[in-house]
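Participant:
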Amino acid sequence: MAHYRCVGDVPPKRHTQHRRPDGGLYYEELMGEEGFSSDSSLLYHRTIPSTIADAQPWELPDLSLTANHPLKPRHLKLHDLFADAGEMAWKSIDVVTGRRLVLGNADVRISYVVAGETSPLYRNAVGDECVYIESGSGTVETVFGVLPVRQGDQVIVPRATTHRWLPHGDEPLRAYVIEANSHIAPPKRYLSRYGQFLEHAPYCERDLHGPTEPLVIDGDDVEVYVKHRGAQGLVGTRFVYSKHPFDVVGWDGCLYPFTFNVSDFEPITGRVHQPPPVHQAFEGHNFVICNFVPRKVDYHPLSIPVPYYHSNVDSDEVMFYCGGNYEARKGSGIGQGSISLHPGGWSHGPQPGAYERSIGVEYFDELAVMVDTFAPLQLGEGGLACEDPEYAWTWARRAQG
1 MAHYRCVGDV PPKRHTQHRR PDGGLYYEEL MGEEGFSSDS SLLYHRTIPS
51 TIADAQPWEL PDLSLTANHP LKPRHLKLHD LFADAGEMAW KSIDVVTGRR
101 LVLGNADVRI SYVVAGETSP LYRNAVGDEC VYIESGSGTV ETVFGVLPVR
151 QGDQVIVPRA TTHRWLPHGD EPLRAYVIEA NSHIAPPKRY LSRYGQFLEH
201 APYCERDLHG PTEPLVIDGD DVEVYVKHRG AQGLVGTRFV YSKHPFDVVG
251 WDGCLYPFTF NVSDFEPITG RVHQPPPVHQ AFEGHNFVIC NFVPRKVDYH
301 PLSIPVPYYH SNVDSDEVMF YCGGNYEARK GSGIGQGSIS LHPGGWSHGP
351 QPGAYERSIG VEYFDELAVM VDTFAPLQLG EGGLACEDPE YAWTWARRAQ
401 G
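274 is the number that UniProt numbering gives to position 274 of the sequence shown; each next residue is one higher, with no gaps.
#1: At what residue ranges does the segment 49-76 contain a whole run of the alpha helix (DSSP H), taking only runs of 4 or more?
#2: Alpha carbon to alpha carbon, how far is Val113 from Pro214? Give it in angstroms, no decimals.
#3: Can you check which of these residues, Val126, Val226 and Gly169, is closest to residue 410 by C-alpha distance?
#4: By the three-class DSSP mapping on this structure, what secondary structure does Leu103 have?
#5: Under 8 Å between the Cβ atoms of Leu65 and Leu379?
#6: Run through DSSP, which three-state label would Leu377 get?
#7: Only counting the same chain, and skipping five residues up and downstream in sequence, which positions put a Cβ closer than 6 Å to that of Gly127?
#8: Which word fits Lys243, buried or exposed, when buried means at least 16 other C-beta atoms lie within 10 angstroms of its C-beta?
#9: Name the DSSP bridge partner or partners of His168?
#10: With burial defined as no fewer than 16 other Cβ atoms inside 10 Å of the residue's Cβ, what is the status of Gln17: buried or exposed?
#11: Using CA atoms only, rank isn't needed, just tell me which of Glu171, His228 and Leu121 is closest to Lys91.
#12: Round the Cβ separation of Thr142 and Pro120 to the nearest angstrom and send it over; I've been treating them as touching at under 8 Å.
#13: Once DSSP output is grouped into helix, strand and coil, what is the label at Gly270?
#14: Entirely within the segment 184-268 and at least 3 residues each: give me those beta strand (DSSP E) ranges in chain order.
#15: Cα separation between Ser303 and Gln336?
#16: How many angstroms separate the CA atom of Glu387 from the CA atom of Arg100?
#17: Just tell me which of Glu381, Asn261 and His273 has its CA closest to the CA of Cys204.
#18: Compare the C-beta of Ala385 with all C-beta atoms of chain D and state if any pair is closer than 8 Å.
#19: In its own chain, which residues sit with a C-beta less than 7 Å from the C-beta of Gly401, not counting the 5 before and 5 after it?
#20: Return the CA-CA distance between Phe292 and Tyr321, expressed in angstroms with no decimal places.
#21: Comparing C-alpha positions only, which one of Pro61, Ala106 and Gly24 sits nearest to Gly382?
#22: Buried or exposed: Cys130, going by 16 or more other Cβ atoms within 10 Å of its Cβ?
#23: The beta strand (DSSP E) that contains Tyr176, what's its start and end?
#24: Can you tell me where the alpha helix (DSSP H) with Arg159 in it begins and where it stops?
#25: Leaving out five residues on either side along the sequence, give the residues of the same chain with a beta carbon under 6 Å from the beta carbon of Gly116.
#26: Determine the DSSP secondary structure at Gly145, reduced to helix, strand or coil.
#27: Can you tell me whether Thr259 is buried or exposed? The criterion is at least 16 other CB atoms within 10 Å of its CB, across all chains shown.
#28: Give the range of the beta strand (DSSP E) segment to which Glu29 is assigned.
#29: To which residues of the same chain is Asp314 closer than 8 Å at the C-beta, ignoring the five residues directly before and after it?
#30: Alpha carbon to alpha carbon, what distance is there between Tyr176 and Arg14?
#31: Quick one: Cα of Pro352 to Cα of Glu317, how far?
#32: The alpha helix (DSSP H) spanning Glu117 covers which residue range?
#33: Asp221 to Met88, Cα distance in whole Å?
#34: Could you tell me how far apart the beta carbons of Pro211 and Val7 are, in whole angstroms, since I believe they sit closer than 8 Å?
#35: Is the segment 280-297 close to the segment 228-243, with three or more CB pairs under 8 Å?
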């Protein structure tokens, strides 16, 4: 994310003495990607950022995966996942430890959580996270400062950023979590060679909202949950820091958490149906994230506004339906809070009748977040727990409605 920001108190020149009011030194930390060869930020701490006093194992939630075999399209009803726990059970669930794995592979994991409790301090040392706020509001406190979050926000949290989630109000925070094993960034085709958003990009720097002031909290013996790489996959450790990690008085650079709201995504349309890459918002290693937002649709006199049938021979397609009325899936049972998984190796497209009904339609009122992966996805325990087993056969049956 090569968009420079400067927040709080930093010295005029990097890697030089930066002194506290009492004459002591602040401690400079470089947080950077790809060694010292990509985006980074410099943070200035009141105390040494490496002062751990204890380390204990953290038992991660169930991250087991089951192959999509026999190969089938899947419909997963995410709103069913937490229903059995009771109407108000979300009040004791947090965004970090309460996640349930829905789909995953070696590049990306997709989880869902309904939360009302403040999370522990957390750091994902495996990859960046993109957390979509389906509903509710809250704040994310980070070592860089505070991010307010609201419905429709995509919250990008860089790898190894210490943070915690604080839901607000009397309604749960519903979060759709995309965890990468890499970094998440805007597509390169949207950017100049120096990193500025180009004129054809569907959003720009003004739409990205980072922390605006430091967050400094005092505290001793503070626990931080860390997800990291282990010999057999992902593992967790609970560190105890001698001093609170939120002790940064200032920072600057091009690496930091930010929010982007889907309402600021400007759809790209044409006379005939545009392919899914026009909806792309972000990319990671071996996957992309796309936003399908309310928009005018194809205006050729003979256009068919819903998607043509297509075989993504290199991709699995995951669509999270989070607003409006998705015309192409009418009659399938899919609704708000649904996921469809359309795997590579299978030709997919609109439900029966949707192709014909779309002719003459001028506007789609739909909202969905799509993840396309370039390696097959497997089902997590959450995905297995909320599957509609009839979805795969809906193309062979007459559509309802």
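Where is the CB? At the ideal position from N, CA and C, for every residue including glycine.
Facilitator: Concretely, from the data shown:
#1: none
#2: 28 Å
#3: There is simply no residue 410 to check, as the chain begins at 1 and stops at 401 in what is shown.
#4: strand
#5: yes
#6: coil
#7: Arg159, Ala180, Asn181 and Ser182
#8: buried
#9: Ser137
#10: exposed
#11: Glu171
#12: Not quite, the Cβ-Cβ distance comes to about 14 Å (not below 8 Å), so this is no contact.
#13: coil
#14: 220-230, 233-243, 248-253 and 258-261
#15: 27 Å
#16: 14 Å
#17: Asn261
#18: No chain D is part of this structure, which consists of one protein chain only.
#19: Note that Gly401 has pLDDT 42, beneath the 50 cutoff, so the model's placement of it is unreliable and no number is given.
#20: 9 Å
#21: Pro61
#22: buried
#23: Leu173 to Ala180
#24: No alpha helix (DSSP H) holds Arg159; DSSP gives it neither H nor E.
#25: Trp90, Lys91, Pro167 and Pro172
#26: strand
#27: buried
#28: Tyr27 to Gly32
#29: Gly344 and Phe374
#30: 38 Å
#31: 19 Å
#32: From DSSP, Glu117 is part of no alpha helix (DSSP H); its letter is neither H nor E.
#33: 32 Å
#34: 6 Å
#35: no
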